[in-house]
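Numbering (the numbering used here), first residue to last: 10 to 276.
Laid out in structure tokens, this is it:
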């Protein structure tokens, strides 16, 4: 059996979609069924080390002028050329696929909370994702809550949607505390106890509520923590900085921007 994976997320900057693919691929390659082969399709070259080395997987870079053309024509053409039996995507499936497809839709917050998304992203997601889910043989989502949302909003057959919870990667095993403290101090200048948030700075992460909770906690004399916010700046992030100022906690919040994968367990 040959499984094709739309692996474009592996060529982008570190995001949840990239982390999902990377850990799913690692887990699939550990499965004992050696009869299954994987082909990972990208539009841009995959950085060295982004995909585990295995004789069971092949990486194909398929040039295209943009992602929409890649999904519409380039990807399905390659699936046919390579005699792929099953394709797996995130969110967007080809209009016409030569093989059955599975798509992972982590949530449908773009439909539930449109105010959390820039207009362009909201329109694009509403145009592409519902049709992708209907075309897919199976829709995977991360939680029972999201499974119910998808079924209620899009009237898909209940047995077509499967909730598969996410797990921490193996790198999040207990680390040596003294080593972690040294790295965090030397690389990020952080010495005090802290609360950490990991994710893109954008409205749908609900960071204003985190800031309000943190501001309340700081009223307790025994709570001396700082707040460390790790992740790239997304749209409307300036509103977040102003919110911190209104709560009088700006001096207590550390923004690290992106950090390497290797540093996250220590942080």
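Ideal Cβ positions, reconstructed from N, Cα and C, are used throughout, including at glycine.
Bridge pairing for residue 99: 113 [DSSP]. Fully enclosed alpha helix (DSSP H) runs of no fewer than 4 residues occupy 118 to 121, 128 to 144, 153 to 163 of the segment 105 to 171, in order along the chain.
Per the C-alpha coordinates, the member of 231, 258, 190 positioned closest to residue 223 is 258.
Inclusion of residue 16 and residue 49 in the CB contact set at 8 Å is warranted, their separation being smaller than that value. Residue state for residue 267 is assigned as coil, using DSSP reduced to three classes. Here residue 142 is buried, its C-beta having at least 16 other C-beta atoms within 10 Å. Beyond the five residues adjoining it in sequence on each side, residue 174 comes within less than 8 Å, by CB distance, of 151, 152 in the same chain, given in chain order. Here residue 46 carries a strand assignment [DSSP, helix/strand/coil]. Out of 272, 32, 214, 68, the CA that lies nearest to the CA of residue 124 is found in 214. The DSSP-derived three-state label of residue 14 is strand. The residue among 250, 240, 272 with its C-alpha nearest the C-alpha of residue 24 is 240. Judged by beta-carbon spacing, residue 100 lies within the 8 Å limit of residue 114, meaning their Cβ atoms are closer than that value. Across the set 46, 53, 79, the C-alpha of 46 shows the shortest separation from the C-alpha of residue 63. Annotation: residue 84 to residue 181 spans about 34 Å, alpha carbon to alpha carbon. With 16 or more other Cβ atoms inside 10 Å of its own Cβ, residue 13 counts as buried. Secondary structure note for residue 255: its alpha helix (DSSP H) is the uninterrupted segment 246 to 255.
By the neighbour-count definition (other C-beta atoms within 10 Å, threshold 16), residue 225 is an exposed residue. Inclusion of residue 252 and residue 220 in the CB contact set at 8 Å is warranted, their separation being smaller than that value. Residue environment analysis places residue 76 among the exposed positions, since fewer than 16 neighbouring C-beta atoms fall within 10 angstroms of its C-beta. For the pair residue 211 and residue 129, the Cα-to-Cα distance works out to about 15 Å. Shortest Cα-Cα distance from residue 70 to any of 53, 250, 60 involves 53. DSSP lists no bridge partner for residue 93. The Cβ neighbour count for residue 103, taken over all protein chains shown within 10 Å, is at least 16; the residue is labelled buried. In this structure, the CA atom of residue 161 is about 45 Å from the CA atom of residue 197.
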